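Everything in the sequence shown is counted per this note's numbering, starting at 1 for the first residue and increasing by one. Notes follow once the structure below has been shown.
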Amino acid sequence: MKHVYHPPKNGSTKTLLLLHGTGGNEEDLLPLAEMIDPDAGILGVRGNVDENGMNRFFRRLREGVFDEEDLIFRTEELKQFVDQTAEEKGFDRSRVTAVGYSNGANIAASLLYHYDQPLDQAYLFHPMVPRRDIERPDMTGIPVFIGAGSNDPICPPEETEELERHLRESGASTELYWAQMGHQLTRDEVDAARTFYDKQKGE
Ligand code: MLT
């Protein structure tokens, strides 16, 4: 997969896996990584799906309706890419935190729904429920931050709450931050994510 990689600095052993929204690329969330943890390594990935010239991590049938078969295939593809890149670059695979926005948050959530302990932590900005009616793995010990907009036309509040409930029922420790905004990422939600991230230090 196309990507950008920066090794961790100043003794950090963490890596942030950056997953862009529809139409983005591997560099989009670099400023966000800098705000959350400037010392962490960075693995920014570009989604392999092309939707009319826009990069995505998996196909959709229409807005908000996922192509489940492709979602499952692409989730595995991303997991294998991260596993393999950790070996090649020599970063600690067990300390990979996903930071995803919109479509990128959805594939990060899909990693959690399909694999056992695939991430150290997850920061999901404006995510949706990736799948329903499947048995989810045990997520005990995984901190998950969700940033949502109370007027988000793409992800209604009930869906955000359903996602949080799924994650919590599977054992993840969640924090849900509401911005009085739509689908866009806000500075306040990134600050709240940073506060949540700092709380996990040493754990
Ligand atoms: C998706 O397709 O993943 C969601 O609708 C969010 C987006 O528009 O990227």
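Every residue gets a Cβ at the ideal spot worked out from N, C-alpha and C, and that includes glycine. What you are looking at is a predicted structure, and each value in this text was computed from that prediction instead of being measured.
What do you reckon, are the CB atoms on residue i and residue j nearer than 8 Å?
| i | j | result |
| --- | --- | --- |
| L19 | A86 | no |
| I107 | F57 | yes |
| Y123 | L185 | no |
| V4 | I42 | yes |
| E96 | T15 | A small correction: the amino acid at residue 96 is Val; Glu does not occupy that position in the sequence shown. In this structure, T15 lies closer than 8 Å to V96 by Cβ. |
| S173 | P143 | yes |
| V204 | E175 | Here the chain has residues from 1 to 203 only, and residue 204 is not among them. |
| L111 | M139 | no |
| G44 | L29 | yes |
| D1 | F91 | It is worth fixing the name first, because residue 1 is Met in this sequence and not Asp. Not closer than 8 Å, so no. |
At a cut-off of 7 Å, is residue i close to the ligand MLT when judged by its beta-carbon and the heavy atoms of the ligand?
| i | result |
| --- | --- |
| E63 | yes |
| S110 | no |
| G21 | yes |
| N151 | no |
| N106 | yes |
| R165 | no |
| N55 | no |
| S170 | no |
| N52 | no |
| R131 | no |
| N25 | no |
Consult DSSP for residue i and reduce its assignment to one of helix, strand or coil.
| i | result |
| --- | --- |
| S213 | The requested residue 213 is not part of the displayed model; the chain covers only 1 to 203. |
| V205 | With the chain covering 1 to 203 only, the question about residue 205 has no answer from this structure. |
| A193 | helix |
| E175 | strand |
| E51 | strand |
| R165 | helix |
| T160 | helix |
| H183 | coil |
| L112 | helix |
| F125 | strand |
| L71 | helix |
| F145 | strand |
| G41 | strand |
Hey, residue i and residue j are a contact pair by Cβ (cut 8 Å); roughly how many whole angstroms apart?
| i | j | result |
| --- | --- | --- |
| N55 | R74 | Not a contact, Cβ separation roughly 12 Å. |
| F125 | E189 | 7 Å |
| R60 | D67 | 6 Å |
| G104 | G149 | At roughly 16 Å, the Cβ-Cβ gap does not stay under 8 Å, so G104 and G149 are not in contact. |
| Y113 | R131 | 5 Å |
| K79 | P118 | 6 Å |
Counting C-beta neighbours from all protein chains within 10 Å, is the total for residue i 16 or more, i.e. buried, or is it exposed?
| i | result |
| --- | --- |
| Y115 | exposed |
| Q121 | buried |
| R46 | buried |
| D39 | exposed |
| G198 | Note on identity: in this sequence residue 198 is Asp, with Gly being the wrong assignment. Result: exposed. |
| G24 | buried |
| G147 | buried |
| T160 | buried |
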